[in-house]
Every structure is written in structure tokens, then in C-alpha cells.
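> In the working numbering, the protein residues as written are 95 to 157.
Note that beta-carbon positions come from the ideal geometry of N, C-alpha and C, so glycine has one too.
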Amino acid sequence: MAAITKEMTIGEILRTNPDVAPVLMEAGMHCLGCPSAQAESLEEAAMVHGMDINDLMSKIEAL
């Protein structure tokens, strides 16, 4: 499986590994299919949602 990075868009991440969706939903990112998810990096989305990107990446990497 390809590595997931915080620079990837949410859309890219979901295409790489759909199993990440529940982690993102649990973290509060409920609009995974919206246009922002196709253009915004995971790091940008975490910042907008007030999340710590390192905590989020740890949860994703634990999959």
C-alpha cells in the first residue's frame, strides 16, 4: 500500500486507502466527498477543523 502523507488531499488519501474514511469521520471530518476534500491537503483540513495533524497521522498510520 502506498504511504499516506499530510500533504495529500483527502480525495487522494481515500483513493489510496478507503479504510481511512472512518478515522477521518471519527475525527470530525464529515464532508469527505465535498469539493474541499478534493483540493485541500490533510494538513490544511486538520488546521481548519482545529485538529493536531500529528495525532491524526498517528491514527491513520495505525491502520
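Just to check my reading of the structure: Ala133 and Thr99 have Cβ atoms closer than 8 Å, yes? What is that Cβ distance to the nearest angstrom?
No, Ala133 and Thr99 are not in contact; Cβ-Cβ is about 16 Å, not under 8 Å.
> Looking only at DSSP bridge pairs, what is Ser135 linked to?
Answer by DSSP bridge pairing, in chain order: Thr103.
> Taking Ala139 and Met119 to be in contact with their CB atoms under 8 Å, please state how far apart those CB atoms are, rounded to whole angstroms.
The Cβ separation is near 12 Å, so there is no contact.
> Our contact map puts Val114 next to Ile147 with C-beta atoms below 8 Å; I'd like the distance itself, whole angstroms only.
With 8 Å as the limit, Val114 and Ile147 do not qualify as a contact, their Cβ atoms being about 14 Å apart.
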